[in-house]
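Residue numbers (the working numbering): 193 to 939.
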């Protein structure tokens, strides 16, 4: 019997065992890979599920915002999820990182957040009756704060509030600002800052560039990086967007059509046809280069002399004494005309006075002595005219001229001791600028200028018609006469309606109490109109135009009734608010008084006065104190501000208007934003009694910034996630500061 060699049998066994080992290894590797893939798949599934649960939480939070916050800015600062389950999130999650995205330096927001977090509950999410996860959230209302990316600009100064770039930051109003801040450049070089507000704006524009979230500010806000925040952030957000309530319907320019202007004033702003016509005339007088009023029967804003006071005196003197019984007397009238100027002309300018006296048709005469005199009749007094000029200045605002009326004789027996007569004197006065130059700016002319204009014309700038002066009896010494003053020199054309008989007050303000026809104005200091002689740069300049009634200007602020809505329907070439959307404004319905105060700080009241931080703080506090208000248009700004103006000695309508004019474009209404802390956990309910902590397989947390238009209730997610943005590089990176920030420079 043949037998195999032992060597070959051992080799075959080894080969077989080797293949078996390899197969075993492959099976084990496949099993391990399958398990890894299964775990990875399950992990991916759970992550995908928790991501979807985060979106579910966001949708639920937004639904609650729409249901509870309505169309107006609320005073509700925070709320948490909940459906009465009693499973609170407070003991099961860590939100310390997410809290860096909240302005918790603001005490009301911190209190509201802590209350909302402590009461927020897990909301179970089920599919086909089986719980697959749970969600929770805390919503913090971060509306009404300052947009850290849009306020201020290193190249812009506070003027008349054309843009949020004019908003300046005051450490007196914003407590979180560090008083020892430094200016930095793109390479990290530091210099002392004049103030913290300047440092914040400078460092942002030159080095920090833009903030995605409040955590970016905290990351950049280190002493090595010119830090300006001395504690938790209290007054800032990082996103805002303000749609306009409507596109303004008319652009105010030199070429604005008068009919279109009147149409907007009547159909959209509610003025009568007469008022709209007067406003249109005043508007073109205000912006045109000349100084001739379009309507001498209106209250033009042109800076021209105006007839303010008239006095007529008897002048009776012996003209020729033939003998004691035959004395000729000349009877004349001395007419004194006083003018009024809206501001002192500099230099003084020459004006003309054109006087036309009609024939005198009614006269009477009385002799107090026993003798007899010749009775005068109308034929003795013929019409006269006189054209004269004089230089007007504050020290010389009047002109007295002599009118030779007639010469009469008397055959009275004995000396003529007293001659009494009375007659009606009917005349027309015309006042114009003979030749002049207006080249200076009135120091109280608010925010507009008077440009140099040369005039050489005979066209009158003021006229009073049908003046009827009844001259009383006069002694020979000519010490009696009659005087009238107008109620309002801007509206003086109708003698019976606009003038009152009273004692003359040469070169002094008279003491008329009513100051304007059918007017109950108690503030008599508003006696100044100004002309720009240039196109309007601010629609609020409409507030200085009269509506055609004495002392009744277009009100930008409330006076017992809503203001005129001109700010909603007019804009100017420099009015940047006429855009569909813009960032950086301040929500006028904000409950944060220091933020509201920032809109007023350094706002000019006139060329010499601006609102101080202390005054701005009062205004902001007054606005924030109101509850339940709904300021929803630009014109509402006038209502809101005027109702809260403290007594700063703002005596004139112009000064009150200036507070509105220089701030209303910095406010907005259609902007609310919310920072939402989202939590999602996925798992499997193994025993049917609800998802418990030990059944959780995956957890995710996120921070979401949501912008919402309260008017249309549309919303946009502006930030989603927990990206550290700059933290890793700033803390440990080797790149230079300039290299690091170049990645975040605006395009």
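No residue lacks a Cβ here, since even glycine has one placed at the ideal position from N, Cα and C.
- Closest in C-alpha terms to residue 885, from the list 420, 279, 362, comes 279.
- Counted as a single uninterrupted DSSP element, the beta strand (DSSP E) harbouring residue 897 occupies residues 888 to 901.
- Contact annotation: the segment 332 to 347 touches the segment 774 to 790, with at least three C-beta pairs closer than 8 Å.
- Taking the Cβ atoms as the reference, residue 397 lies roughly 10 Å from residue 341, outside the contact range of under 8 Å.
- In this structure, DSSP gives residue 498 an extended state, which the three-state scheme calls strand.
- With contacts defined as CB atoms closer than 7 Å, residue 461 and residue 856 fail to qualify as a contacting pair.
- Within the DSSP secondary-structure output, residue 532 pairs in a beta bridge with 498.
- Annotated three-state conformation of residue 431 is coil, per DSSP.
- For residue 367, the number of other beta carbons within 10 angstroms of its own is below 16, and it is reported as exposed.
- By the C-beta density criterion, residue 800 is exposed, having fewer than 16 other C-beta atoms within 10 angstroms.
- A residue is called buried when at least 16 other Cβ atoms come within 10 angstroms of its Cβ; residue 829 meets this threshold and is buried.
- Annotation for residue 798: the continuous beta strand (DSSP E) segment containing it runs 796 to 798.
- The three-state secondary structure of residue 279, taken from DSSP, is coil.
- Partner residues in the beta bridge of residue 318, as assigned by DSSP, are 323.
- In the three-state reduction of the DSSP assignment, residue 861 falls in the coil class.
- Excluding the 5 residues flanking it on each side, residue 532 has same chain C-beta neighbours closer than 6 Å at 498, 500, 681, in chain order.
- Here DSSP, grouped into helix, strand and coil, assigns residue 476 to helix.
- For residue 909, no alpha helix (DSSP H) segment is defined; the enclosing uninterrupted segment is the beta strand (DSSP E) at 906 to 913.
- The alpha-carbon separation between residue 787 and residue 427 amounts to approximately 7 Å.
- Taking a contact as a CB-CB distance under 8 Å, the pair residue 378 and residue 391 does not count as one, their CB atoms being some 15 Å apart.
- In the DSSP assignment, residue 875 is bridged to 888.
- Per DSSP, the unbroken alpha helix (DSSP H) holding residue 389 starts and ends at 388 to 395.
- Pairing residue 871 with residue 893 gives a Cβ-Cβ distance under 7 Å.
- Under the three-state reduction of DSSP, residue 205 is assigned to helix.
- Under DSSP, the beta-bridge partners assigned to residue 382 are 376.
- Cβ-Cβ separation between residue 270 and residue 305: approximately 5 Å, consistent with a contact (criterion under 8 Å).
- Judged by beta-carbon spacing, residue 504 lies beyond the 7 Å limit of residue 723, meaning their Cβ atoms are not closer than that value.
- In the DSSP assignment, residue 723 falls outside any beta strand (DSSP E), carrying neither H nor E.
- Bounds of the beta strand (DSSP E) holding residue 271 are 270 to 272.
- Distances from the alpha-carbon of residue 794 to those of 389, 258, 287 put 389 closest.
- In this chain, residue 746 is not harboured by any beta strand (DSSP E), its DSSP state being neither H nor E.
- The alpha-carbon separation between residue 490 and residue 861 amounts to approximately 37 Å.
- Ranked by how close their Cα comes to the Cα of residue 273, the residues 290, 286, 289, 250 have 250 in first place.
- From the listed residues 487, 782, 758, the smallest Cα separation to residue 656 is found for 487.
- Under the criterion of beta carbons closer than 8 Å, residue 431 and residue 865 qualify as touching, at roughly 6 Å.
- DSSP lists 280 as the bridge partner or partners of residue 313.
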